[in-house]
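Student:
There are 2 protein chains.
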Amino acid sequence: MATGRTHRPATRSRGIPEATVARLPLYLRALTALSERSVPTVSSEELAAAAGVNSAKLRKDFSYLGSYGTRGVGYDVEYLVYQISRELGLTQDWPVVIVGIGNLGAALANYGGFASRGFRVAALIDADPAMAGKPVAGIPVQHTDDLEKIIEDNGVSIGVIATPAGAAQQVCDRLVGAGVTSILNFAPTVLSVPDGVDVRKVDLSIELQILAFHEQRKAGEEPALETAAGDGAQPAAASREAAAAAAPAASADQGPDGDVPAVMPA
Amino acid sequence: MATGRTHRPATRSRGIPEATVARLPLYLRALTALSERSVPTVSSEELAAAAGVNSAKLRKDFSYLGSYGTRGVGYDVEYLVYQISRELGLTQDWPVVIVGIGNLGAALANYGGFASRGFRVAALIDADPAMAGKPVAGIPVQHTDDLEKIIEDNGVSIGVIATPAGAAQQVCDRLVGAGVTSILNFAPTVLSVPDGVDVRKVDLSIELQILAFHEQRKAGEEPALETAAGDGAQPAAASREAAAAAAPAASADQGPDGDVPAVMPA
DNA sequence: ATGTCTTTGTGAACGCGTGCACAAAGATGG
DNA sequence: CCATCTTTGTGCACGCGTTCACAAAGACAT
């Protein structure tokens with residue numbers, strides 16, 4: 001759902017469906033909250049409500065992990081927290097590098113949710129020499145030149161790309177070349193990676209556009225202000241030119257920053 | 001997939017599948033890039049490669065929109081850009097408010113991808129009185145007290161929440177109360193919203209955890225360092241206690257900031 | 001020990017999304 | 001005007017994910 005490569009063998013890793021894996025962190029968060037309130041056990045119904053999912057789905061998800069849980073009682077919170085953490089690989093420490101320390105990169109560096117879940121920001125990397133040495137979130141920024149050495153020295157296998165779109169593929173290649181096998185990409189680009197490397201993408205602009213689509217539908221169909229161009233299905237040359245002439249004025253390519261990413265290039 | 005409410009009627013809005021809607025922005029981005037290079041037409045094969053998807057999938061996606069495209073030739077880039085933009089509702093201007101101007105909120109405010117795609121940051125809102133009036137990305141931050149008035153005055157229907165987790169639900173309620181019907185949530189919480197309100201969630205921590213899962217699998221199964229606790233399926237009381245005793249020391253609740261969000265509370 | 005009551009775990013049905021493979025459509029050249 | 005060639009649009013099959021509904025399992029009271 002968020003891969004860079006065209007074909008992915010539907011990575012059903014070990015019998016645990018991908019959709020289930022994506023929900024485990026959700027359950028873990030809800031369970032952690034319960035744990036902090038010293039709640040000993042939860043029923044699937046309660047936990048599902050807290051996680052915002054269907055209870056049957058939750059039970060089936062857990063069934064892939066094993067038969068934890070006691071009929072008539074529910075699930076032991078602490079035990080389940082441990083099992084999910086272990087399944088997700090959160091019982092070990094994952095050093096992470098963030099490349100591109102603009103606004104977004106800095107926000108990520110300051111993100112508390114990383115450290116509290118087994119992730120550790122091992123290094124911050126930026127291409128701007130002026131940023132080198134400057135501390136962000138208590139960690140000094142290092143220059144891109146040292147990227148490979150940083151990766152290897154720290155045994156980093158997870159990289160976060162928060163650079164402008166133009167630099168993302170190049171950074172990605174260097175990360176992969178240095179041994180990184182999992183990438184979280186915030187740059188609005190499709191990354192090409194060799195097999196065996198996982199890419200997940202977070203695209204703010206896309207999320208907003210999806211919301212806009214539903215918003216437009218909610219607003220109803222009657223406010224069809226632009227009745228000019230082809231709403232039908234006749235792609236005649238005439239209507240095309242009309243559309244092409246009418247569209248750009250609206251919002252398409254109004255500036256040279258068509259694909260500027262979430263961070264300042266630095 | 002990213003809703004806050006438990007039950008959603010699988011919002012297949014108008015015959016256009018949700019999965020297709022989620023890919024339209026991807027196609028739009030690729031098409032915009034082609035448009036800037038003044039490429040007149042593309043084949044489904046080329047465009048699919050640029051967007052990182054299967055060409056058959058792309059053709060089927062477009063078939064939901066109508067029969068744009070010419071057999072033997074391909075798709076007219078400008079025409080398609082317009083059609084997709086219109087379908088996504090990007091031909092109109094969407095005023096957006098961002099609530100919670102911490103690191104992440106500031107990054108979002110500076111995000112160029114918004115303005116270039118029909119979105120306009122109408123206002124920045126923060127609960128910290130000290131931030132009021134201070135300009136971020138050229139826009140003065142306003143105080144939460146005026147939230148309702150800001151929403152109504154600007155006719156805002158899309159809100160972005162970048163506050164700490166603790167404040168998210170409250171902010172959400174006020175946004176919805178003021179008329180917002182689409183929310184992009186960056187706070188690590190499950191939001192409860194009434195029917196008719198769309199919520200999409202972006203959770204950095206969850207993405208990383210999913211990567212960690214696959215990373216752990218790639219590393220193989222042999223490094224099973226913790227051979228102590230239940231790998232089998234016998235949830236006996238004894239093994240539970242052992243697990244519960246061993247786990248918390250690892251990484252679960254090591255601090256009181258279990259769910260700190262992506263921004264400083266301000 | 002037995003019965004009742006709660007909650008899990010899962011078999012089975014259904015619907016959505018994906019990808020193949022091909023016929024229809026149109027462009028292009030002779 | 002006809003033949004050929006490219007590329008679209010889609011019927012079809014398959015697999016994954018979701019949900020229902022219920023039997024099995026265990027807690028708890030008597």
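In order, the protein sequence lines correspond to chains E and U. Take the first sequence: its position 154, counting from 1, is numbered 154 in the UniProt record's numbering, and each next residue is one higher. Take the second sequence: its position 61, counting from 1, is numbered 61 in the UniProt record's numbering, and each next residue is one higher. For glycine and all other residues, C-beta sits at the position ideal for the given N, C-alpha and C.
Under DSSP, the alpha helix (DSSP H) around residue 23 (chain E) begins and ends at which residues?
Tutor: 18–36
Student: Find out if the Cβ-Cβ distance for the pair residue 164 (chain E), residue 130 (chain E) is shorter than 8 angstroms.
Tutor: no
Student: Below 8 angstroms, can you find three or more Cβ-Cβ pairs linking the segment 104–116 of chain E to the segment 75–85 of chain E?
Tutor: At 8 angstroms Cβ cutoff, the stretches do not touch.
Student: Grab the span of the beta strand (DSSP E) containing residue 268 (chain U) for me, first residue to last.
Tutor: Here chain U covers residues 1 to 266 and nothing more, so residue 268 (chain U) does not appear.
Student: Using the Cα positions of residue 75 (chain E) and residue 189 (chain E), report the straight-line distance between them to the nearest angstrom.
Tutor: Their backbone Cα atoms lie some 42 angstroms apart in a straight line.
Student: Expressed to the nearest angstrom, what Euclidean distance is found between the alpha-carbon atoms of residue 16 (chain U) and residue 180 (chain E)?
Tutor: 38 angstroms
Student: Would you verify that the beta carbon of residue 29 (chain U) is, or is not, closer than 8 angstroms to some beta carbon of chain E?
Tutor: yes
Student: Leaving out the 5 sequence neighbours to the left and right, which residues in its chain are closer than 7 angstroms to residue 132 (chain U) when beta-carbon positions are compared?
Tutor: 141, 142 and 143
Student: Give a yes or no on whether the minimum CB-CB distance between residue 179 (chain E) and chain U is below 8 angstroms.
Tutor: no
Student: Going along chain E, which residues have a C-beta under 9 angstroms from residue 106 (chain U)?
Tutor: Per Cβ cutoff of 9 angstroms: 103, 106 and 107.
Student: Against chain U, which members of the segment 194–208 of chain E pass a CB distance test of less than 8 angstroms?
Tutor: Residues 196, 198, 200, 202, 203, 204, 205, 206, 207 and 208.
Student: Between which two residues does the beta strand (DSSP E) harbouring residue 119 (chain U) extend?
Tutor: 119–126
Student: Measure the beta-carbon distance from residue 211 (chain E) to residue 158 (chain U) and round it to whole angstroms, keeping in mind my assumption that it falls under 8 angstroms.
Tutor: Contact between residue 211 (chain E) and residue 158 (chain U) holds: CB atoms are separated by about 6 angstroms, below the 8 angstroms threshold.
Student: What is the DSSP secondary structure of residue 129 (chain E), counted as helix, strand or coil?
Tutor: helix
Student: For residue 117 (chain E), go through chain U and note every residue whose CB falls closer than 8 angstroms to its CB, in chain order.
Tutor: 205, 208, 209 and 251
Student: Need the endpoints of the beta strand (DSSP E) that residue 99 (chain U) sits in, please.
Tutor: Segment 94–99, the beta strand (DSSP E) holding residue 99 (chain U).
Student: Tell me where the beta strand (DSSP E) around residue 198 (chain E) begins and ends.
Tutor: 198–201
Student: Give me the Cα-Cα distance between residue 170 (chain U) and residue 149 (chain U), rounded to the nearest whole angstrom.
Tutor: 16 angstroms
Student: Let me confirm a value: residue 120 (chain U) is counted as buried when at least 16 other C-beta atoms fall within 10 Å, else exposed. Which label applies?
Tutor: exposed
Student: Quick one: is residue 182 (chain E) near chain U, going by C-beta distance under 8 angstroms?
Tutor: yes
Student: So for residue 42 (chain E), helix, strand or coil by DSSP?
Tutor: strand
Student: Counting only Cβ-Cβ distances shorter than 7 angstroms, please list the residues of the segment 142–174 of chain U near chain E, keeping chain order.
Tutor: 157 and 158
Student: List the endpoints of the continuous beta strand (DSSP E) containing residue 182 (chain E).
Tutor: 182–185
Student: Using a 10 Å radius around the Cβ and a threshold of 16 neighbouring Cβ atoms, would you call residue 60 (chain E) buried or exposed?
Tutor: exposed
Student: Could you say which of E:38, E:50, E:37 and E:92 lies nearest to residue 215 (chain U) if we only look at CA atoms?
Tutor: E:92
Student: Could you check if residue 207 (chain U) is buried or exposed, using at least 16 other CB atoms within 10 Å of its CB as the buried criterion?
Tutor: buried
Student: What would DSSP say about residue 74 (chain E), mapped onto helix, strand or coil?
Tutor: strand
Student: Would you identify the three-state DSSP class for residue 171 (chain U), choosing helix, strand or coil?
Tutor: Reduced to three states, the DSSP call for residue 171 (chain U) is helix.
Student: Once the 5 residues before and after residue 137 (chain E) are set aside, which same chain residues still bring their CB inside 6 angstroms of it?
Tutor: Result list for residue 137 (chain E): 109 and 110, in chain order.
Student: If the cut is a Cβ gap below 9 angstroms, which residues of chain E does residue 140 (chain U) touch?
Tutor: In chain order: nothing, as chain E lies at least about 18 angstroms away.
Student: Compare the C-beta of residue 62 (chain E) with all C-beta atoms of chain U and state if any pair is closer than 8 angstroms.
Tutor: no
Student: Verify the contact flag: residue 78 (chain E), CB atom, against every heavy atom of the ligand ZN, threshold strictly below 7 angstroms.
Tutor: Only the bare structure without any ligand can be found here, which leaves the ligand ZN out of the picture.
Student: Could you tell me which residues DSSP puts in a beta bridge with residue 143 (chain E)?
Tutor: E:126
Student: Hey, how far is the Cα of residue 23 (chain E) from the Cα of residue 177 (chain U)?
Tutor: Taken atom to atom, the span from the alpha-carbon of residue 23 (chain E) to that of residue 177 (chain U) is near 29 angstroms.
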